[in-house]
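First comes the structure, then the notes that go with it.
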Amino acid sequence: MTEARPLVRFENAAFGYGGNPVIAGLTFAVGEGDFLGIVGPNGAGKSTILKAMLGLLRPTAGRVLYETRARRDLRFGYVPQRHTLDHIYPLSVRAIVRMARYPAAGLLRRPRSEDERAVDRALAAIDMTHLADRRLEELSGGQRQRALIARALATGANVLVLDEPTDGMDLKSTHSILDLMRRLHREDGLTVVFVSHQLNEVANYVDRLLVIDEGRYDWGPVEEVLTAEHLQRIYQLDVVVDRVAGSSVVVVAR
Amino acid sequence: MLEYDFIRTALLGTTAIGVVCAYLGVYVVLRRIVFVGATMAQVSSAGIALGILTGWSPNVWSLGLTFLAVVFFAHPSFGKRWPQDATLGVLFTVSGAAAVLLVAHTARGNEEVVHLVQGNLLAMTGAEARWLALAFAGILAIHAALFKEFLYLSFDPTMAATQGYRAGRWNMVFYLLLGVAIALAIKAIGILLMFAFLVIPASLGLVVTRRLGPAIAVAMLSAALAVYLGIWLSYRYDFPSAPMIIAVLGGMFAAGVAWRGMAGARGLAG
């Protein structure tokens, strides 16, 4: 695999909240056109890494660097964990997607027709046009996730950053969302970064993996990271990597 | 009843406060910060009590203390290191007690406490009502102008921050407008009615409608209607006006919940 032009580089970066370290010594990069999965258990620091990537959190040590030329063109489309949004808000899918256009509309101004067209395009891109007038609470988990992806797309993003997009979903919805992410990556050329705690789900979709657990991590192309040797070092478990029906499966040896 | 100046004055001032608090209340309910509103009201009342005790501008004391509360509530660390509800509980009870203690030995001690809680909207002067109408129209105008920003930052502050909004500053502006509204309202209509305006019309709007625009419209209209009906009922049957307005609001809310239940059962909801 050829190395893509790096967009964001973490150099020996450490993060924490209120003096409590979450992760330290992290060095990896997100390249242009990457499809990167960040995998680890709850509390490992996956969402922290996303926030740092988005510029919402400063490292307590080390650096997070944006390529000078790329930073200007870097437009992140963030998709939060869907359960962090409160369904008490009586907002339609269209109203939620339209929020992504508020900065473009400007202060004291209403979104213009070009903003509405961007909303239409984003909804069409993820096949949500027919649900545009539904409220978030009226949608299934998968549909809610699509609505939030549409909002991220409406920002005009070239880097999609998703926080646990398949968490709590059934098998069908999970693969539907993962397929959508892969389509956006392959067909629309988006750089996609997402976090999950399901290694088996993620490993068969992404090109690169960042696996973290209790401060240990490994990063690289899937075929390099997804080996028993690498995973045993990270998880400190007797891990076996096998192939079933064309897919990689990671299990703990008994 | 409209032939009386003092009733027309009370209608003007109370409607202005009620309608704008109902608008702000939609955000308060949606952001789930009702208890923050209640605590701000108590802090503000302690400021008024301080003004009564010192004999120097209760409004300034009230706004000053409310401003300090706003800075505290809008700080990013609020609710992070210690449970938010517990902090609010401490502030709420201590402020409430302080308000009572501060006016206890003034010339009209108990009467002042009753006014702080129940208000005395029929004692509003014409100049006071006009000033309140102007001030609340200003708060509404600023809030409406920043509608989309407040909505975005209330609904999803993290996503908004990734697009360049400074969530902390916007939060501060939001709480400042709320704090000013609360501080001005309490002096004129009392804690109880102000808090009722902040919570009941918004809850009614959100119960009987399924979109934000209509919910705001219902909230503001129901507040205006409750002011008129409440003052008319208090005039007609000789009851204190502020509790009567709250009773009307409570009745409207109960009817709204019942309607919603019946509409839902018949599949008409929406």
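Heads up: the protein sequence lines correspond to chains E and P, in order. Per our numbering, the first sequence starts with residue 111, numbered consecutively. Per our numbering, the second sequence starts with residue 28, numbered consecutively. Don't be surprised by glycine CBs; every beta carbon is placed ideally from N, CA and C.
*Going along the chain, which residues of its own chain have a beta-carbon closer than 7 Å to the beta-carbon of residue 297 of chain P, five neighbours each way excluded?*
As a first step, residue 297 of chain P is located in the second sequence; it is residue number 270 there, counting from the start. Here residue 297 of chain P scores only 48 on pLDDT, less than 50, and its place in the model should not be relied on; the value that follows carries that caveat. Cβ neighbours of residue 297 of chain P beyond the five flanking positions: 237.
*Indicate whether at least one CB of chain P lies closer than 7 Å to the CB of residue 212 of chain E.*
Along the first sequence, read from residue 1 onward, the residue named residue 212 of chain E stands at position 102. Cβ-Cβ to chain P under 7 Å: yes for residue 212 of chain E.
*Alpha carbon to alpha carbon, how far is residue 185 of chain E from residue 269 of chain E?*
Along the first sequence, read from residue 1 onward, the residue named residue 185 of chain E stands at position 75. Along the first sequence, read from residue 1 onward, the residue named residue 269 of chain E stands at position 159. Going by the C-alpha atoms only, they are around 6 Å apart.
*Would you list the residues sitting across from residue 121 of chain E in a DSSP beta bridge?*
Sequence index remark: in the first sequence, residue 121 of chain E carries index 11 (1-based). BP columns for residue 121 of chain E point to E:173.
*asked:* Would residue 234 of chain P and residue 284 of chain P qualify as a contact pair, given that the criterion is a beta-carbon distance under 7 Å?
replied: Stepping through the second sequence from its first residue, residue 234 of chain P is reached at position 207. Stepping through the second sequence from its first residue, residue 284 of chain P is reached at position 257. The answer is yes: Cβ separation under 7 Å.
_Please state the DSSP three-state secondary structure of residue 192 of chain P._
Locating residue 192 of chain P in the second sequence gives position 165, where the first residue counts as 1. In this structure, residue 192 of chain P counts as coil in the three-state DSSP scheme.
*asked:* Taking CB distances under 7 Å as the criterion, tell me whether residue 272 of chain E reaches chain P.
replied: Along the first sequence, read from residue 1 onward, the residue named residue 272 of chain E stands at position 162. It does not: the Cβ of residue 272 of chain E has no partner Cβ on chain P nearer than 7 Å.
_Nearest-angstrom beta carbon gap, residue 206 of chain E and residue 246 of chain E [assumed within contact, 8 Å]_ = Within the first sequence, numbered from 1, the residue matching residue 246 of chain E stands at position 136. Within the first sequence, numbered from 1, the residue matching residue 206 of chain E stands at position 96. With 8 Å as the limit, residue 246 of chain E and residue 206 of chain E qualify as a contact, their Cβ atoms being about 6 Å apart.
*For residue 152 of chain E, which of helix, strand or coil comes out of DSSP?*
As a working note, residue 152 of chain E is residue 42 in the first sequence. Coil at residue 152 of chain E, not helix or strand.
*With DSSP as the reference, label residue 310 of chain E as helix, strand or coil.*
Translated into the one-based positions of the first sequence, residue 310 of chain E becomes position 200. Three-state DSSP puts residue 310 of chain E in a helix.
_Neighbour list for residue 146 of chain E in chain P, Cβ cutoff strictly below 8 Å_ = Residue numbering aside, residue 146 of chain E sits at position 36 when the first sequence is read from its first letter. Near residue 146 of chain E there are no residues of chain P at all, since even the closest Cβ is about 17 Å away, more than 8 Å.
*What are the boundary residues of the beta strand (DSSP E) that residue 266 of chain P is part of?*
Translated into the one-based positions of the second sequence, residue 266 of chain P becomes position 239. No beta strand (DSSP E) contains residue 266 of chain P, which DSSP labels as neither H nor E.
*Would residue 297 of chain P count as contacting chain E if we go by Cβ distances under 7 Å?*
Counted from its first residue, the second sequence places residue 297 of chain P at position 270. In this predicted model, residue 297 of chain P has a pLDDT of only 48, less than 50, meaning its place in the structure is not dependable; the value taken from the coordinates is given anyway. Output row for residue 297 of chain P: interface = no.
*So which residues of chain P does residue 265 of chain E contact, with C-beta pairs closer than 8 Å?*
On the first sequence, residue 265 of chain E is found 155 positions in, with the first residue counted as 1. Residues of chain P passing the Cβ test: 190.
*Give a yes or no on whether the minimum CB-CB distance between residue 242 of chain P and chain E is below 7 Å.*
Looking up residue 242 of chain P in the second sequence gives position 215. It does; some Cβ of chain E falls within 7 Å.
*asked:* Let's see if you can read the secondary structure: which residues bound the beta strand (DSSP E) around residue 272 of chain E?
replied: If you number the first sequence from 1, residue 272 of chain E lands on position 162. Segment 269–273, the beta strand (DSSP E) holding residue 272 of chain E.
*Flag this pair as yes or no: are the beta carbons of residue 302 of chain E and residue 274 of chain E separated by less than 7 Å?*
Position 192 of the first sequence, counted from the start, is the residue given in the question as residue 302 of chain E. Position 164 of the first sequence, counted from the start, is the residue given in the question as residue 274 of chain E. Contact flag unset, no.
*How many whole angstroms separate the CB atoms of residue 249 of chain E and residue 242 of chain E, which I take to be in contact at a CB cut-off of 8 Å?*
In the first sequence, counting from the first residue as 1, residue 249 of chain E sits at position 139. In the first sequence, counting from the first residue as 1, residue 242 of chain E sits at position 132. Residue 249 of chain E to residue 242 of chain E, Cβ: 11 Å. No contact.
_Any chain E beta carbon closer than 7 Å to residue 172 of chain P_ = Sequence index remark: in the second sequence, residue 172 of chain P carries index 145 (1-based). Closer than 7 Å: yes.
*Within the same chain, show all residues whose beta-carbon is closer than 6 Å to that of residue 218 of chain P, passing over the 5 residues directly before and after it, in chain order.*
Start at 1 with the first residue of the second sequence, and residue 218 of chain P comes out as number 191. Closer than 6 Å at the Cβ level, and outside the excluded window around residue 218 of chain P, lie 68, 72, 144.
*Tell me which same chain residues have a C-beta within less than 6 Å of the C-beta of residue 78 of chain P, skipping the five on either side of it?*
The residue given as residue 78 of chain P occupies position 51 in the second sequence. The residues are 84, 85, 88.
*Would residue 364 of chain E pass as a contact of residue 344 of chain E if the rule is Cβ separation under 7 Å?*
Position 254 of the first sequence, counted from the start, is the residue given in the question as residue 364 of chain E. Position 234 of the first sequence, counted from the start, is the residue given in the question as residue 344 of chain E. No, they are not a contact pair.
*asked:* My parser needs the alpha helix (DSSP H) runs of 4 or more residues fully inside the region 271–341 of chain E; what are they?
replied: 281–297, 309–313, 332–335
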